[in-house]
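Here the protein sequences come in this chain order: C and L. Taking our numbering, I'd label the letters of the first sequence as residues 140 to 249. Taking our numbering, I'd label the letters of the second sequence as residues 34 to 147. Structure first, commentary second.
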Amino acid sequence: DAGITQSPRHKVTETGTPVTLRCHQTENHRYMYWYRQDPGHGLRLIHYSYGVKDTDKGEVSDGYSVSRSKTEDFLLTLESATSSQTSVYFCAARESAEQYFGPGTRLTVT
Amino acid sequence: AQSVTQLGSHVSVSEGALVLLRCNYSSSVPPYLFWYVQYPNQGLQLLLKYTSAATLVKGINGFEAEFKKSETSFHLTKPSAHMSDAAEYFCAVSEDQGAQKLVFGQGTRLTINP
Chain C
140 DAGITQSPRH
150 KVTETGTPVT
160 LRCHQTENHR
170 YMYWYRQDPG
180 HGLRLIHYSY
190 GVKDTDKGEV
200 SDGYSVSRSK
210 TEDFLLTLES
220 ATSSQTSVYF
230 CAARESAEQY
240 FGPGTRLTVT
Chain L
34 AQSVTQLGSH
44 VSVSEGALVL
54 LRCNYSSSVP
64 PYLFWYVQYP
74 NQGLQLLLKY
84 TSAATLVKGI
94 NGFEAEFKKS
104 ETSFHLTKPS
114 AHMSDAAEYF
124 CAVSEDQGAQ
134 KLVFGQGTRL
144 TINP
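Laid out in structure tokens, this is it:
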């Protein structure tokens, strides 16, 4: 367990508004990831980080940005939320072979 | 590009029966393969992983999976289902153990009948 927390756990927002989701870990893991989960798609990687200020795109990065200014925090930002970004968002952290997942954030864009 | 196909979005078995969840992958290099389980309203938990050592991998909760290169498969099995095994199961592949950018299958929901 990497002591991963996500905030908020639930959020409803309107189309066009900015949204930031936070992932916090307590185990000093190097790698952190953001995924989205949608029915019929499993989980898809949005962005990941391999160290402080080091990030890269995943499979579905359009419309999302990330930042990692401290080892323990990885932020996901939707600059202008769209209805297609309604999803459950999971954060994960890893040091060796196993990714540890947070409890998820359910985001609804109306 | 790597990909994962899980055959059957829903599988239902009786308590005590064999569990078989199917996963086929596509990868241009020797893959790293994973099975994760997700209980309702929770994050994912690693069941087991294949990282090019033994082809038969044993995981938690009595699950195991066998890597078959010739069939590009990594099916998950458990000899005797328990009610607590009801969950969603995801197979995932990574071509790079450094960044470990996982590509997931669409998931299989396992239901256990009493």
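We put the CB at the ideal spot given by N, CA and C, even for glycine.
Can you give the Cα-Cα distance for residue i and residue j, rounded to whole angstroms?
| i | j | result |
| --- | --- | --- |
| Thr-105 (chain L) | Thr-152 (chain C) | 43 Å |
| Met-171 (chain C) | Val-46 (chain L) | 36 Å |
| Gly-131 (chain L) | Tyr-65 (chain L) | 11 Å |
| Ile-185 (chain C) | His-115 (chain L) | 34 Å |
| Thr-165 (chain C) | Glu-211 (chain C) | 6 Å |
| Gln-75 (chain L) | Trp-173 (chain C) | 15 Å |
| Thr-247 (chain C) | Leu-214 (chain C) | 18 Å |
| Val-136 (chain L) | Gly-41 (chain L) | 18 Å |
| Lys-209 (chain C) | Ser-103 (chain L) | 44 Å |
| Ala-125 (chain L) | Thr-144 (chain C) | 23 Å |
| Val-191 (chain C) | Arg-233 (chain C) | 14 Å |
| Ala-50 (chain L) | Gly-92 (chain L) | 18 Å |
| Pro-178 (chain C) | Val-52 (chain L) | 23 Å |
| Asp-193 (chain C) | Arg-169 (chain C) | 10 Å |
| Ala-98 (chain L) | Thr-38 (chain L) | 15 Å |
How would you label residue i, buried or exposed, when you count the other beta carbons within 10 angstroms and need 16 or more for buried?
| i | result |
| --- | --- |
| Arg-148 (chain C) | exposed |
| Tyr-187 (chain C) | buried |
| Tyr-72 (chain L) | exposed |
| Ser-223 (chain C) | exposed |
| Asp-118 (chain L) | buried |
| His-43 (chain L) | exposed |
| Thr-88 (chain L) | exposed |
| Ala-34 (chain L) | exposed |
| Lys-101 (chain L) | exposed |
Am I right that residue i and residue j are in contact with their C-beta atoms under 8 Å? What's the rounded C-beta distance?
| i | j | result |
| --- | --- | --- |
| Pro-112 (chain L) | Glu-48 (chain L) | That belief does not hold up - the Cβ atoms of Pro-112 (chain L) and Glu-48 (chain L) are roughly 13 Å apart, past 8 Å. |
| Thr-244 (chain C) | Leu-160 (chain C) | 5 Å |
| Thr-141 (chain L) | Glu-121 (chain L) | 7 Å |
In chain C, which residues lie with their C-beta within 8 Å of the C-beta of residue i?
| i | result |
| --- | --- |
| Thr-38 (chain L) | Ordered by position in chain C, no residue passes the 8 Å Cβ test against Thr-38 (chain L), which lies about 11 Å from the chain. |
| Thr-84 (chain L) | Ala-236 |
Here's a check: name, in chain order, each residue in its chain whose Cβ is nearer than 6 Å to the Cβ of residue i, leaving out the five neighbours to either side.
| i | result |
| --- | --- |
| Gly-95 (chain L) | Lys-111 |
| Glu-198 (chain C) | Arg-183, Leu-184 |
| Arg-55 (chain L) | Leu-40, His-108 |
| Phe-67 (chain L) | Lys-82, Ala-125 |
| Val-205 (chain C) | His-186, Thr-194, Leu-215 |
So with CB distances below 7 Å, who are the chain L contacts of residue i?
| i | result |
| --- | --- |
| Gly-243 (chain C) | Gly-76 |
| Arg-207 (chain C) | Under the 7 Å cutoff, chain L gives no residues; its nearest Cβ is about 14 Å from Arg-207 (chain C). |
Given residue i, which residues of its chain have a CB within under 7 Å of its CB, disregarding the five upstream and five downstream residues?
| i | result |
| --- | --- |
| Thr-156 (chain C) | Ala-220 |
| Gln-78 (chain L) | Tyr-69, Val-70 |
For residue i, go through chain C and note every residue whose CB falls closer than 7 Å to its CB, in chain order.
| i | result |
| --- | --- |
| Lys-134 (chain L) | Leu-184, Tyr-187, Gly-197 |
| Gly-140 (chain L) | Gly-181 |
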